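Trainee: For reference, the structure I am asking about is given below.
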Amino acid sequence: MGMIKGALQKPITILVIVAGLFFFGINAVRTIKIDIFPDLNLPVIYVSHPYGGFTPDQMEAYFGKQYVNLLLFVSGVKSIETKNIQGLTLIKVTFYEGTNMAQAAAEVTSYTNRAQAAFPQGSQPPFILRFDASTLPVGQLVLSSPTRSNNELLDYALVYVRSSFTSIPGLVAPAPFGGNQRSVVIKVDPGLLRSHNLTPDQIVAALRDNNQNTPAGNVRIGDYNYLAPTNTTIKKVSDFGDIPLYKNGIQTVFLHDVATVEDGADITQGYALINGKRSVYLPITKSATASTWDVVQNLKKALPRFQALLPDDVKLSFVFDQSIYVINAVKSLAEEGAIGAVLTGLMVLLFLGDRRGALIVILTIPTCIISAIFFLSLFHQTINIMTLSGLSLAIGILVDESTVTIENIHQHFDMGKPKALAIWDACKEIAFPKLLILFCILAVFAPAFTMTGIPGALFLPLALAIGFSMIISYFLAQTFVPIMANWIMVNKHEDHSHKDGFALEDEGEPWEQKEKAMKRALEHTGNEVTRFDKFRDSFMRLMDRMLPNRKILVTVYVIGAFGLAFLLFNIIGRDVLPKVNSGTFQVRLRAPDGTRLERTEVIAVKAQHILGEIVGKNHIAITSTMVGSHPASFSTNPIYLFMAGPQEAVMQISLTEDYKVKNLDDLKERFRNAIHKELPGVKLSFEPIELTDKILSQGSPTPIEIALSGKNKKLNQEYAFKILDKLKSIDYLRDAQIGQSFKYPSIDITIDRQRAAQLGVGVGDISRTLIASTSSSRYTEKNVWLDQKVGLSYQVQVQIPEFQMASLNDIKEIPVLSNQSRPVLSDVADVKTGLTNGENDDIGAIPTLSVTANLNNKDLGTATNDVQKAINSLGKLPRGLTVELRGMSQTLTDTLDSLQSGLIVAILVIFLMLAANFQSFKMSFVVLSTVPAVLFGSLFLVKITGATLNLQSYMGMIMSVGVSISNAVLLITNAEELRRHNGDALKSAREAVALRLRPILMTSLAMIVGMIPMASGLGEGGDQTSPLGRAVIGGLIASTFAALLILPLVFAWVQGNTTTQSVSLDPEDKESKFYVPLHHHE
């Protein structure tokens, strides 16, 4: 009340404060960072170690397990997951929440450096990358050309485009996708080698002797200091062909006699296809502290400058822009806020016929939202999907604050009071109940401060957005609203008949004024009978029939509401976030293990044509496909997109806006069936493409991922196939497959060491020759050439053209001894085909396999339960084998558990708070009696509209609980005040509901119509927030009925035999039954 009095005494001060909030809020709107997600602070560090050519088994033994042994010394490590494929070990180190990640990164760097002492010769230091939501790409910068090769495009991307990223604040520069590093490639003809009795290793040795990187010396002659460089480094690529080759110490041939020299690139391991054509793209990522929106906008502005650095036939474009997602959500919030404010004003106008009062309500909503953004910026929050959801949700509750105040002012106007007194009494009357309501709603969201992990990181910004909006709304309702009401509202019922003052018909205590006002309203004394009066009369007749049967009706309500809510809670679907139909999706194609890169490329192009036939080629906006694996020189790329080998291709597809996809799962099913028909033997799996799904899946490629860990690899495989069979029996699961390859084709070369020694051949001779013949010398012999035109150095490598190693016989005929045509490889080794592991995964040091599956028109919660039942049906697992669900399923469980426990804690806190206010535990039960109806209403509307119980709908349900408590507190406060003076609970309940009928209907209907734009899901990003609006609307409808029809019955029953005396134990308190008059002490 002091706040109200202070505002009325110094209105200009309040206007200055409100103007200041609005000004700083507008400034915050302009400067606050716009991002997709809040700072999740995910405690994850990746270690990526390349070593070209090593098999998965070698990478696991030489690198993976060595790293694990030392990383276990790092403080705070929760888990270590390792993936080993040919030429790469990728380690994901997860830490416990609260770990100092700066210290953790330093320790990881220290111990990975120490681990290198045990690595094979030639190993390079690893790449270490801290992972967060900001690490994931927010778009792709594509370089394409009809005339340039991929390798040229990659060189342009590295030299000109990527190096210019430093001019854009916050932009991080990962390596390009889709090409190979420029190299000087010496392609040796094996037939010519044999004719000259040379081996590939001799070519490597000649290259080492004739192209060396040596420093220049200094010669001091006279007054000058001369540099003394030599031409030990070959200057022109063509000059490499003139390197002399020696046999038995005699120069007989030159390099160009047995090989060709090209200014080319390393052996191709993967392609990037944009719209089916080979291209190169740079993934666009940002630093953790940068704004996604600012980075993307600055990049778009810089594109003409980047384009000017490139040849005319190279086109630069930015695709798969993820920042659109959050800016669409901002636009949606603005539209929904505007529509909600206008609809709310119309509701006030409809009920009260007061255009000026409606204007006051409309003004408070944007003021609260803008001011809340100012406080969010002060607490280092960003505008993201969670704060936007919180602000969207707050719009509904903001309606309640001002609307209740305006309606109560009209009630006091109806009593004939002067305008100033009516406004003062009206605001003073509801000041404390509204403060209690504010605390109750804040208590609903208080558990956000105790949540941990991803749920806590997501929920806290949402809770802060709602909390700031509510606090500002309460402040405005107690200050700004009464001031504006005094200035612009008109009291049509004010009595001006007395010159010396006013004549108040309802003089007396406030409760007496309410009784008289209610009596006059019900009897329509001196008032024109309105439609609302007729409605109230009908409602009161219904209430008169219900009150005598209150015990039966309340019992039926409690059992029915709890029972239906419990039933709905168990049958409704569950997801972490609502499904978003953005018209984009990602699919991974897996040809049979070991399929050549060129064949996989054909499969990927064919898959794109199949999709074009389904949706129409003109409806595909863009496709971006990565075929094959990443080169070892770009070993950070697998962190952004993991590729297990040449048999895999990952397609990202964006459909045009005019192609309306009602159900993306149905489109995926059609595409899936067409792939199985047209490309038999090719497996596919749809993967998350939205940043929200990628982050929440925590690295899992599909919604369902089952990890099997055990030291016995054969047993792991056996049980993986058993689980796979179980998953295939669940009709809505799709793309069920084992993620790892353990039947990868190989050519096993078994050296006969005794035979080789007899022929004078060493194992080192054989291995070096084989590497140069089947791969390239870049992995065993570092040799660098300087391109003086651009001032950059490039690798020089020796290799045999791939097409000349096309059969077992070609391999068997490789010469292995210098200057002799025999022996060849088959003379000293057994060469035959076999099978090996294509990927070795570990958790810690324990081998792991994963079984994955997608969902088709089914929620994740149901699928998680069914999959867990399938796992349990296998019976007791063998000793040492563990099976667990990971990824999105684990996130779902953690999120819903946190929300459920948080809701229970919030209701308990509210119960205790209400008990402290009313000094009665029974009154707390009365107020909370509307909660079962809220739960039922929210779940029911979510269910029948096809939505699921997720983070958004849960927030709507929690907010509905807060609103129901708001209505209940105001009604019960009036009823209890009346009961304490007239001693009749039945009469008090009847009069209180008649008194609060209009404001409850007003606020509820205003909030419902205010939430309709959000619930419709028609705006930009509407799929993401529509469940929130639907949960609020369902809860409000049910809570309105419960507050008006059930709450009076509960009050009349519970308080029927309750004494009107205070529970005070103070003997000097006149309301206490222990009161002792003062003269008794004397």
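Quick note on the working numbering: the sequence shown kicks off at 37 and runs consecutively.
Each residue gets a CB set at the ideal place from its N, CA and C atoms; glycine is no exception.
These numbers come from a predicted model, not from an experiment.
May I have the straight-line CA-CA distance separating L589 from V1086, to the nearest angstrom?
Mentor: If you take the alpha carbons of L589 and V1086, they lie about 9 Å apart.
Trainee: Along the chain, where does the beta strand (DSSP E) that runs through H1140 open and close?
Mentor: Residue 1140 cannot be examined here, being either before or after the span of the chain that is shown, 37 to 1118.
Trainee: Would the stretch 986 to 1001 count as touching the stretch 1059 to 1073 if we require 3 or more Cβ pairs under 8 Å?
Mentor: The stretch 986 to 1001 is in contact with the stretch 1059 to 1073.
Trainee: Whole angstroms are fine: how far does the CA of L382 sit from the CA of E541?
Mentor: Interpretation of E541 is limited by its pLDDT of 46, a score under 50 that renders its predicted location unreliable; the figure taken from the coordinates is listed afterwards. Rounded to the nearest angstrom, the two C-alpha atoms are 32 Å apart.
Trainee: Alpha carbon to alpha carbon, what distance is there between E705 and I1119?
Mentor: Absent from the model: residue 1119. The displayed extent of the chain is 37 to 1118, so no value can be given.
Trainee: Is Q305 buried or exposed, if buried means 16 or more other CB atoms sit within 10 Å of its CB?
Mentor: Per the 10 Å Cβ criterion, buried.
Trainee: Using DSSP with H/G/I as helix, E/B as strand and the rest coil, what is P173?
Mentor: In this structure, P173 counts as coil in the three-state DSSP scheme.
Trainee: CA-CA distance, L944 and Q152?
Mentor: When rounded, the distance between both Cα atoms is 55 Å.
Trainee: So for N845, helix, strand or coil by DSSP?
Mentor: Helix.
Trainee: At a cut of 8 Å, does the stretch 295 to 310 reach the stretch 211 to 221 through at least three beta carbon pairs?
Mentor: Cβ pair count under 8 Å is three or more, so yes.
Trainee: Might you give, ordered along the chain, the residues of its own chain that have their beta carbon closer than 7 Å to the beta carbon of F167, omitting 5 neighbours on each side?
Mentor: For F167, where only same-chain residues beyond five positions count, the Cβ hits under 7 Å are L78, V80, I81, Y82.
Trainee: Provide the residue span of the alpha helix (DSSP H) that contains L727, from first to last.
Mentor: Start and end: 727 to 732.
Trainee: Determine whether the Cβ of T135 lies closer than 8 Å to any Cβ atom of chain D.
Mentor: No chain D is present in this structure, which holds just one protein chain.
Trainee: Leaving out five residues on either side along the sequence, give the residues of the same chain with a beta carbon under 6 Å from the beta carbon of A1021.
Mentor: Correct list, in chain order: R1015, A1088, Q1091, G1092.
Trainee: If you reduce the DSSP assignment to three classes, tell me which class I127 lands in.
Mentor: In the structure shown, I127 sits in a strand (DSSP, three-state: E or B).
Trainee: Does DSSP put L51 in a helix, a strand or coil?
Mentor: It is helical.
Trainee: Three or more C-beta pairs under 8 Å: does that hold for the stretch 504 to 523 against the stretch 447 to 462?
Mentor: Contact holds: three or more Cβ-Cβ distances are below 8 Å.
Trainee: Are there three or more Cβ pairs, one per stretch, closer than 8 Å when the stretch 474 to 485 is compared with the stretch 936 to 956?
Mentor: Yes: at least three Cβ pairs fall under 8 Å.
Trainee: Determine the DSSP secondary structure at E684, reduced to helix, strand or coil.
Mentor: The answer is strand: DSSP assigns E684 an E or B state.
Trainee: So which of D293, Q45, A209 has the shortest CA-CA distance to N673?
Mentor: Selected option, being the one with the closest Cα: A209.
Trainee: Please state the DSSP three-state secondary structure of A295.
Mentor: Looking at A295 - three-state DSSP - the assignment turns out to be strand.
Trainee: Among V273, V54, P86, L108, which has the Cα closest to the Cα of L822?
Mentor: That would be V273, whose Cα lies nearest to the Cα of L822.
Trainee: Would you check if the distance between the CB atom of T118 and the CB atom of D877 is smaller than 8 Å?
Mentor: Cβ distance < 8 Å, so T118 and D877 count as in contact.
Trainee: Residues in the same chain with beta-carbon distance under 7 Å from V697, minus the five sequence neighbours each way, listed in chain order, please.
Mentor: Counting only Cβ-Cβ distances below 7 Å, and skipping sequence neighbours, we find N617, G619, L691, L703.
Trainee: Among Y593, G599, Y676, V718, whose alpha-carbon lies nearest the alpha-carbon of V638?
Mentor: Here the closest residue by C-alpha is V718.
Trainee: Compute every distance between the C-beta of G652 and the non-hydrogen atoms of the ligand MG, then say whether any falls below 7 Å.
Mentor: The model depicted lacks the ligand MG and carries no ligand whatsoever.
Trainee: For the stretch 351 to 380, list the beta strand (DSSP E) runs that are entirely contained and at least 3 residues long, ordered along the chain.
Mentor: Counting only runs of 3 or more, we get 351 to 355.
Trainee: Hey, how far is the Cα of S533 from the Cα of P454?
Mentor: For S533, the predicted structure reports a pLDDT of 49, less than 50, and the residue's modelled location is therefore unreliable. A value from the coordinates is still provided. Going by the C-alpha atoms only, they are around 12 Å apart.
Trainee: Counting only the same chain and skipping the five closest in sequence on each side, list residues whose C-beta sits under 6 Å from that of V623.
Mentor: Taken in chain order, the residues that qualify are M687, L720, F722.
Trainee: Can you give me the C-alpha to C-alpha distance between T621 and K730, rounded to a whole angstrom?
Mentor: Inspection of the sequence shows that residue 621 is occupied by Phe rather than by Thr. C-alpha separation (whole angstroms): 12 Å.
Trainee: Quick one: is N1010 buried, meaning 16 or more other Cβ sit within 10 Å of its Cβ, or exposed?
Mentor: That one is buried.
Trainee: Looking only at its chain, what residues have a beta carbon closer than 6 Å to the beta carbon of T441, apart from the 5 residues adjacent to it on each side?
Mentor: For T441, where only same-chain residues beyond five positions count, the Cβ hits under 6 Å are A513, V517.
Trainee: Does the distance from the C-beta atom of S777 to that of R922 stay below 8 Å?
Mentor: Not closer than 8 Å, so no.
Trainee: Express the C-alpha separation of P883 and L345 in angstroms, rounding to a whole number.
Mentor: L345 and P883: Cα-Cα distance of roughly 49 Å.
Trainee: Please state whether DSSP places Q122 in a helix, a strand or coil.
Mentor: Coil at Q122, not helix or strand.
Trainee: How is D761 classed by DSSP in three states: helix, strand or coil?
Mentor: In this structure, D761 counts as helix in the three-state DSSP scheme.
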